[in-house]
Each structure stands twice: as structure tokens, then as C-alpha cells.
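>
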Amino acid sequence: MLAAGVLTLALAGCAGGGAPELTGDLMTHDPALAKQGDTWFVYSTGNQTVANGNIQVRSSTDGTTWRYAGEVWDTKPEWLREQVKGVTNLWAPELVEHDGTWYLYYSASTFGKNTSVIALATNTTLDPDDPAYEWVDRGPVIASTPADDFNAIDPGVATDDDGTPWMAFGSFWSGIRMVELEWPSGLRAGTAAGHPDASEPDAEPLRLAEPLRLADRGAPPNAIEAPYLVEHDGDWFLFVSRDSCCRAAESTYKIAVGRASDITGPYVDRDGVPLLEDGGTILAETDGSRIGPGGQSVADGMMALHYYDGDLNGQFQLALVPLEWDADGWPVLRW
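With our numbering applied, the sequence shown closes on residue 1304, and no number is skipped along the way.
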């Protein structure tokens, strides 16, 4: 996770609102934005008809012209297909760099169910054209079943000032939750050594702390998901997507934000309403032909998101919008 500061990028071709005009292959959903050297990358939700639904990769040398660069794998890990029966495509990736290693978190689930898992892979490069490019499967980070009150999808990872990594996650059910991770494994704190061997009769089950609660709409269907964490001037900001995605031109997705002094919360909006009590300051919502923006991530002061283009029959598209900050230290999107 890169902390977002005042925008210093000089992406060419900016529209009147400050967002660059993008060209090329923009068919991304839930974009994870990152920059390696002089090259921009977006990893995004897979297409079940391409490469077994694996996470897709796009790249750009200037941040405006995008090309399709392939997928993470040709086929899903076998354990994942066993754990989440019926999984087709992999969803909502997150990219984090730590100590020279790239960590790719991603979701496996089926629509409308919480039999889900957030899994991890690692690599030394984001570039599929690099001879060293190889995503190594590191297994599950956290899973959920119908016995849980949360949904283990949509990871958003950040490292606090003490060097401790945290993962926010969640979709509908009990809203946005959080667990502590650990470096260098990138796995959930306390699990890096592996789970107890169930074949041993005296093995104790692994007991982990209940995931923290960060945001909740407070009423069914609790339409909040896709958390993303950014630090700015000593405060933490939790970006979320609210309402309904994935309905093309009928989508009602919008991006909201809350603020906290600690990464673990409590988060409140501009009016002081806690995000655990349906708070959230709206940053982006449907505007003309740009319908249902959401699925956000941030890198180098730029927010990546997808929206549904009313001029393209509701086709989802990538947008990059400068993340700016007002005099009160709140984020502003000028799209």
C-alpha cells in the first residue's frame, strides 16, 4: 500500500475534471492499481471464459494508454477449486509491495454466497514480460462459510506506522471487517507456521481473534464492500463501495469514505457519523453516462475505479481519478 499524497503526477490528456482520458483496453472490474518503475499496472477481476477466470493484468507506460498483458495463471490452484465449489472467476485483487516482494491478494467466491476465501500469491515483479515473472501460490489468508457472519472477499491491505500489516475486507453480511497480517509471509498473524496437523489426536484447533468491525450499514442487505485504506497526514481513511454493482447501466454503486486516527478505527464521516452506524461521506456516484463508480484502489496519488459506461450499453470501464485533499484534510475526487 502506498500512502497517497498531494498529486504530483503529470498524466497527459486530462479532462476538465482532472481525470486523464484513457485509451486502449479498459475492460477492468475491481482494479488494483500499482506502479513498478516507470510502468503502471492494473490487476483486475477475471473473466470466466478466459484463462479459467484468473486475475487479469493490464499495463501502461504513460498511465493513459492501456494494453492487455495476460493473466496471473492459466488455471486456478486446485485447493481453491475444492474449497469454493462452483467458483468461476477470481475477484477483486489487491497489490502490495513489501521488501522487494509483491503480494497479490484476491477473492474466490460465488455471487450472493459467503462460502469464500481470500488467498495470496507472491512475485518479484508485476510485469508478465519479465523472465522472472511467476506468481507463487501461498494459499488462503482467511475464509468464511455460512456459519460466519462475514464474507471473506475484497481485501484491502495497508501497513501501519509500527510496520504491522492489516487487511480490511468484507461484502454485505456484517460489513467491513479487519484482521492483522504479518510480514514476510503476508498471511494472517499467527498462521504463518501453518495450521495444526489434524491427523494428530492431541492437536489443538487454531484460535484466532474475531475480525475487527470497521463499517456497517446496520440494516439488510448491508450493501457495503471493497474497503481500501490510505494514510494521509497522520490520519487513516477507509474508502468503501456502497449499494449495488454488477448491474450494468442499472448499477447504483458509489464510493464513500471515513476517517480515523488509527488504522483500526473508529472511522467517522465528515459529519461525525460512525461508519459502523451507516456513516460515510460520498466521494463519487453516478454522473450522467458514468454510472456506478466503485471497486477503488490508490497508487501514487491516483485512484483507480471501475464504472459502467452509459454510452457503451453499460460496459464496465477503467477510470483513473486524481486523489486530492482539501484544507480540512479530507479526500476529494474531481472527475
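Where a beta carbon is used, it is the ideal one built from N, C-alpha and C, also for glycine.
Is A1296 close to chain D, meaning its C-beta is less than 7 Å from at least one C-beta of that chain?
Among the protein chains of the structure shown there is no chain D, as only one such chain exists.
> Could you check which residue in Y1037, P989 and D1068 has the C-alpha nearest to that of V1011?
What you label residue 1011 is simply residue 42 of the sequence shown in a count that begins at 1. V1011 has its Cα closest to that of Y1037, out of Y1037, P989 and D1068.
> Using only CA atoms, which one of N1092, I1145, T1018 and C1214 lies nearest to Y1276?
Your numbering for residue 1276 matches position 307 in the sequence shown. Minimum Cα distance to Y1276 is reached at C1214.
> Any idea which residues DSSP pairs W1035 with across the strands?
Taking the first residue of the sequence shown as position 1, residue 1035 is located at position 66. DSSP, once it has assigned bridges, lists G993 as partnering W1035.
> In three-state DSSP terms, what is R1050?
Residue numbering aside, residue 1050 sits at position 81 when the sequence shown is read from its first letter. Helix.
> Using CA atoms only, rank isn't needed, just tell me which of Q1286, W1294 and D1240 is closest to R1027.
Within the sequence shown, residue 1027 is the residue found at index 58, counting from 1. Closest option to R1027, Cα to Cα, is Q1286.
> On the criterion of 16 or more Cβ atoms from any shown chain inside 10 Å, does V1126 qualify as buried, or is it exposed?
As a first step, residue 1126 must be located in the sequence shown, where it is residue number 157. V1126 should be labelled buried.
> So for D1280, helix, strand or coil by DSSP?
The residue labelled residue 1280 in the question sits at position 311 within the sequence shown. D1280 falls in the helix class under three-state DSSP.
> Rounded to a whole number of angstroms, what is the C-alpha to C-alpha distance between Q1284 and M996?
The count along the sequence shown starts at 1 and reaches residue 1284 at position 315. The count along the sequence shown starts at 1 and reaches residue 996 at position 27. If you take the alpha carbons of Q1284 and M996, they lie about 8 Å apart.
> For D1202, which option in V1053, A1296 and V1242 has the closest C-alpha, if you only look at C-alpha atoms?
On the sequence shown, position 233 is the one that residue 1202 refers to. Answer by Cα proximity: A1296.
> Please state the DSSP three-state secondary structure of E1246.
Translated into positions along the sequence shown, residue 1246 becomes position 277. Looking at E1246 - three-state DSSP - the assignment turns out to be helix.
> Between which two residues does the beta strand (DSSP E) carrying E1194 extend?
Taking the sequence shown and counting its residues from 1, one reaches residue 1194 at position 225. E1194 -> beta strand (DSSP E) spans I1193 to H1201.
> Report the rounded CA-to-CA distance for A1077 versus T1250, giving the unit in angstroms.
Along the sequence shown, read from residue 1 onward, the residue named residue 1077 stands at position 108. Along the sequence shown, read from residue 1 onward, the residue named residue 1250 stands at position 281. Spanning the two alpha carbons is a distance of roughly 29 Å.
> Given this structure, state the Cα-to-Cα distance separating V1307 from Y1197, to the nearest angstrom.
A question about residue 1307 goes unanswered here, because the residues of the chain that appear run from 970 up to 1304.
> With DSSP run on the structure shown, which of helix, strand or coil describes G1108?
Stepping through the sequence shown from its first residue, residue 1108 is reached at position 139. Three-state result, G1108: strand.
> Give me the Cα-Cα distance between L1289 and F1206, rounded to the nearest whole angstrom.
As a first step, residue 1289 is located in the sequence shown; it is residue number 320 there, counting from the start. As a first step, residue 1206 is located in the sequence shown; it is residue number 237 there, counting from the start. Each residue's alpha carbon lies about 19 Å from the other.
> With DSSP collapsed to three states, give me the class of N1092.
The sequence position of residue 1092 within the sequence shown is 123, counting from 1. Note: N1092 maps to strand in three-state DSSP.
> With a threshold of 8 Å on Cβ separation, who are the neighbours of A988 within its own chain once the five nearest residues in sequence on each side are excluded?
The sequence position of residue 988 within the sequence shown is 19, counting from 1. Same-chain partners within the cutoff: A1288, L1289, V1290, P1291, R1303 and W1304.
> Within 10 Å of its beta-carbon, does A1121 have 16 or more other beta-carbons around it, so buried, or fewer, so exposed?
Here residue 1121 is taken as the residue at index 152 of the sequence shown, counted from 1. Burial call: buried.
> Would you mind reading off the limits of the beta strand (DSSP E) that contains Q961?
Because the chain in this structure spans residues 970 to 1304, residue 961 falls outside the shown range and cannot be described.
> Between the C-alpha atoms of T1221 and P1115, what's the straight-line distance to the nearest angstrom?
As a first step, residue 1221 must be located in the sequence shown, where it is residue number 252. As a first step, residue 1115 must be located in the sequence shown, where it is residue number 146. Cα to Cα, the separation comes out at about 26 Å.
> At the level of alpha carbons, what is the spacing between A1217 and P1262?
Sequence index remark: in the sequence shown, residue 1217 carries index 248 (1-based). Sequence index remark: in the sequence shown, residue 1262 carries index 293 (1-based). Roughly 11 Å between the two C-alpha positions.
> Start and end of the beta strand (DSSP E) containing L1207?
Residue 1207 sits at position 238 when you count from the first residue of the sequence shown. Element bounds for L1207: D1204 to R1211.
> List the DSSP bridge partners of D1256.
Here residue 1256 is taken as the residue at index 287 of the sequence shown, counted from 1. BP columns for D1256 point to R1259.
> Is the beta carbon of N1083 closer than 7 Å to that of W1347?
Outside the modelled stretch of the chain, which goes from 970 to 1304, sits residue 1347, for which no answer is possible.
> Taking buried to mean at least 16 other C-beta atoms within 10 Å of its own C-beta, is P1190 buried or exposed?
In the sequence shown, the residue the question calls residue 1190 occupies position 221. When all chains shown are included, P1190 counts as exposed.
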